[in-house]
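Working notes, structure below.
2 protein chains.
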Amino acid sequence: MESGDGEVVRNKQVIFKDYAPGALKESDMYITTSTIKLKVPEDCTNGVLVKNLYLSCDPYMRNRMRKLQGSYIAPLNPGSPICGRGVAKVLDSRHPDYKKGDFIWGMTGWEEYSLITATETLFKIHDKDVPLSYYIGILGMPGLTAYAGFYEICSPKKGELVFISAASGAVGQLVGQFAKLLGCYVVGSAGSKDKVDLLKNKFGFDDAFNYKEEMDLDAALKRYFPDGIDIYFENVGGNMLDAVLLNMRLRGRISVCGMVSQYNLEQPEGVHNLMSLVPKRIRMEGFLVYDYFHLFPKYLDMVLPCIKQGKIVYVEDTAEGLENAPCSSNWTLQWPQYWKTSGCSFS
Amino acid sequence: MESGDGEVVRNKQVIFKDYAPGALKESDMYITTSTIKLKVPEDCTNGVLVKNLYLSCDPYMRNRMRKLQGSYIAPLNPGSPICGRGVAKVLDSRHPDYKKGDFIWGMTGWEEYSLITATETLFKIHDKDVPLSYYIGILGMPGLTAYAGFYEICSPKKGELVFISAASGAVGQLVGQFAKLLGCYVVGSAGSKDKVDLLKNKFGFDDAFNYKEEMDLDAALKRYFPDGIDIYFENVGGNMLDAVLLNMRLRGRISVCGMVSQYNLEQPEGVHNLMSLVPKRIRMEGFLVYDYFHLFPKYLDMVLPCIKQGKIVYVEDTAEGLENAPCSSNWTLQWPQYWKTSGCSFS
Chain U
1 MESGDGEVVR
11 NKQVIFKDYA
21 PGALKESDMY
31 ITTSTIKLKV
41 PEDCTNGVLV
51 KNLYLSCDPY
61 MRNRMRKLQG
71 SYIAPLNPGS
81 PICGRGVAKV
91 LDSRHPDYKK
101 GDFIWGMTGW
111 EEYSLITATE
121 TLFKIHDKDV
131 PLSYYIGILG
141 MPGLTAYAGF
151 YEICSPKKGE
161 LVFISAASGA
171 VGQLVGQFAK
181 LLGCYVVGSA
191 GSKDKVDLLK
201 NKFGFDDAFN
211 YKEEMDLDAA
221 LKRYFPDGID
231 IYFENVGGNM
241 LDAVLLNMRL
251 RGRISVCGMV
261 SQYNLEQPEG
271 VHNLMSLVPK
281 RIRMEGFLVY
291 DYFHLFPKYL
301 DMVLPCIKQG
311 KIVYVEDTAE
321 GLENAPCSSN
331 WTLQWPQYWK
341 TSGCSFS
Chain S
1001 MESGDGEVVR
1011 NKQVIFKDYA
1021 PGALKESDMY
1031 ITTSTIKLKV
1041 PEDCTNGVLV
1051 KNLYLSCDPY
1061 MRNRMRKLQG
1071 SYIAPLNPGS
1081 PICGRGVAKV
1091 LDSRHPDYKK
1101 GDFIWGMTGW
1111 EEYSLITATE
1121 TLFKIHDKDV
1131 PLSYYIGILG
1141 MPGLTAYAGF
1151 YEICSPKKGE
1161 LVFISAASGA
1171 VGQLVGQFAK
1181 LLGCYVVGSA
1191 GSKDKVDLLK
1201 NKFGFDDAFN
1211 YKEEMDLDAA
1221 LKRYFPDGID
1231 IYFENVGGNM
1241 LDAVLLNMRL
1251 RGRISVCGMV
1261 SQYNLEQPEG
1271 VHNLMSLVPK
1281 RIRMEGFLVY
1291 DYFHLFPKYL
1301 DMVLPCIKQG
1311 KIVYVEDTAE
1321 GLENAPCSSN
1331 WTLQWPQYWK
1341 TSGCSFS
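First to last, the protein sequences are chains U and S. Be aware that the first sequence starts at 1, since it is given in the numbering used here, and climbs by one per residue. Be aware that the second sequence starts at 1001, since it is given in the numbering used here, and climbs by one per residue.
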């Protein structure tokens, strides 16, 4: 049923139950079924009604499931479908830029069909010569995050020594490949043997290690970076950041993309080695991808040929079927790690 | 005795006893008297023999009295005179740039007479129309630190909201006055009522507070910066930095000059709020004045007229007599705070 003729259909939804501290549990969301009329209401100027095809599960979403004060993004509404980015097909539209049959990506909901009114978050998909799910990964927000965070914040140069934490995640795997393309030495950390294997054998990192097997992160970093680190792409925070600060080189740069090791904690861990910033003249800078959407066309021009020529690869972790979103062992396991954009396809 | 004719004279010295943890004590140094021949030895190419006139006591020196691994500056040698910057008169010279009678500033020792061989740290004093002691303060390393740390690292703009910790110190008092000259709103913190009075009434800060009287630094900052902080000139670290991170504005800048609250601790305090860097896109950057000595002539061109026109004032804390350096109550009290460059004159 994709006709958009106004038929009323059942709409399976994943509902966010309520804010909860600690690790997210399956019981923090539930499946329900409502109904939806497959037509944009007449009073909904610029609205777009879509069928969701792929939905992504990204680390920043964890912070929308907590009541964070002063966050850059509003908390989710308990009792409503979970919000997130998705790839979708337009079934009906009152927006001049989108027509029935178009494929789009942007903010939608964890449900089969969504009426999108915040259409400023949408992008039309032009190049369908790649997997559509890539538009919530390498060709979407995580891709642009990696691109902006590495090129705009890190000021990288050929031959520099680059360390990436949560390196097999949607962003990390790309940062590492961008750095390799530039001629950097690249090491990543991740939380399992499989991820470490991916980093070394699939993404072409020079080396990688499982941080969970290292009793002394400072010693591990000294092993992989005897001459120190020029660029640290920060995804985890906490103890890893503390160890990295001890191993940065003169005029090193730390691009702070996120601190996922801290998102389930009531009180973030303390970082003790910030005094290293001074003698080493380190620049540490936080960024949000929202400031760089103007670079999106430039990014696509760079990355699409790389994908098609096999110079950059992208690994997704996908669960089939919306009903499997909350209960999939993948999701449950990976929420605290957020190691990869997970698509949920149900076309 | 200033003739430089090679006479052997007595040379009072302040000797650094040994590395010690915790707050520095009077007993960590002692006074002795040796002898010195007032002539540069023939085999000492480029050496300069000086009579020290003013010696400065700066926060960075605390870290030379600890065995810090990987510090940018070597630890002091126990049993030797304390090293530090001073203003001195040349008594004899084998260096082509300096001749008898010249006044210089740079790295010298806590003693009456010094044979300086590391002459690359020396600057000749040309403008003697200001107090000579200013060359270890506003016209020396602390002045250039304030200038580079504010203008080069903070990218300040007129009207921005500036917070300075340890604000009555040699550097802080200047950063605040530079920011006021630029048209910023400036608030400083310091550790006593007298210092707070200086900030408000002498240095022209818009406001100031005694951090020791604030139970809740976050609340204090919200009182003085209801709209947040654009620029934080960081001198103290620890709890103050944590509170500042909660109060930074979008695209705020933190110039990390030092973290004096941490220098007497075995293990630095943890900073918990670094995740604020991300949503607020904060840039935090450490710097050392050594990278900016090429700006020295430009800085003097700016600051000398300001001093002479009374647009910038400078307050020193001076103890008379080298023998009073270790035991002066000023020094003892201020070591843990380092609130001000202290001169020690004995001309």
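We treat Cβ as the ideally placed atom computed from N, Cα and C, and that holds for glycine. This structure is a prediction, so every number in the text was calculated from the model and none was measured.
Measure the C-alpha to C-alpha separation of residue i and residue j and round it to an integer number of angstroms.
i        : j        : result
D1043(S) : T1117(S) : 11 Å
V1289(S) : E213(U)  : 40 Å
E266(U)  : P21(U)   : 7 Å
V236(U)  : Q1177(S) : 39 Å
T1108(S) : L1122(S) : 9 Å
P1096(S) : V1090(S) : 12 Å
M61(U)   : L24(U)   : 11 Å
G137(U)  : G106(U)  : 11 Å
K1280(S) : A166(U)  : 22 Å
P268(U)  : Q309(U)  : 42 Å
D92(U)   : P81(U)   : 20 Å
D1301(S) : G204(U)  : 53 Å
S1276(S) : L1245(S) : 6 Å
S1347(S) : L1053(S) : Below a pLDDT of 50, predicted positions are generally treated as unreliable, and S1347(S), at 36, falls in that range; the measurement from the model is reported next regardless. Computed Cα separation, rounded: 5 Å.
E1234(S) : G1143(S) : 16 Å
R64(U)   : S1255(S) : 31 Å
E1285(S) : R283(U)  : 4 Å
I73(U)   : L1199(S) : 38 Å
L1221(S) : Y30(U)   : 42 Å
P305(U)  : L181(U)  : 13 Å
T1035(S) : V1008(S) : 6 Å
So if DSSP puts residue i in a beta bridge, which residue, or which two residues, is it bridged to?
i        : result
W110(U)  : W110(U) is not bridged to any residue.
N1011(S) : S1034(S)
I1104(S) : A1088(S), K1124(S)
V48(U)   : S93(U), I116(U)
R1283(S) : E285(U), R1253(S)
C83(U)   : G109(U)
M1302(S) : Answer is none; M1302(S) lacks a bridge partner.
M1029(S) : F1016(S)
Y1185(S) : L1161(S)
So for residue i, helix, strand or coil by DSSP?
i        : result
A148(U)  : helix
L1091(S) : strand
N63(U)   : helix
N1273(S) : coil
D1317(S) : strand
V1162(S) : strand
Y19(U)   : coil
S1056(S) : strand
Y1098(S) : coil
M1072(S) : First, the residue type needs correcting, since residue 1072(S) is Tyr and not Met in the sequence shown. Reduced to three states, the DSSP call for Y1072(S) is coil.
Q334(U)  : Residue confidence is low: Q334(U) scores 36 on pLDDT, short of 50, so the model does not pin down where it sits. Its coordinate-derived value is still stated next. The answer is helix: DSSP assigns Q334(U) an H, G or I state.
F346(U)  : Here the model assigns F346(U) a pLDDT of 39, short of 50, so the residue's position is not dependable and the matter cannot be decided.
E323(U)  : helix
L1024(S) : coil
G1172(S) : helix
A167(U)  : coil
K180(U)  : helix
I1362(S) : As displayed, chain S neither begins before 1001 nor continues past 1347, which places residue 1362(S) out of reach and without an answer.
D1129(S) : coil
I1312(S) : coil
Inset, instruction - Please list the segments of the beta strand (DSSP E) lying wholly inside the region 1187 to 1270 of chain S, counting only runs of 3 or more residues, in order along the chain. - result: Fully enclosed beta strand (DSSP E) runs of 3 or longer: 1207 to 1210, 1229 to 1234, 1248 to 1256.
Inset, instruction - May I ask you to verify whether the region 79 to 90 of chain U touches the region 100 to 114 of chain U, counting CB pairs closer than 8 Å and requiring at least 3? - result: yes
Inset, instruction - For the region 149 to 162 of chain U and the region 226 to 234 of chain U, state whether three or more C-beta atom pairs, one from each stretch, are separated by less than 8 Å. - result: yes
Legend entry - the region 124 to 142 of chain U touching the region 268 to 277 of chain U, judged by at least three CB pairs closer than 8 Å: No: fewer than three Cβ pairs fall under 8 Å.
Inset, instruction - Indicate whether the contact test is met: 3 or more Cβ pairs, each with one atom in the region 1308 to 1326 of chain S and one in the region 1008 to 1015 of chain S, closer than 8 Å. - result: Yes, since at least three Cβ pairs between the region 1308 to 1326 of chain S and the region 1008 to 1015 of chain S fall closer than 8 Å, the two stretches touch.
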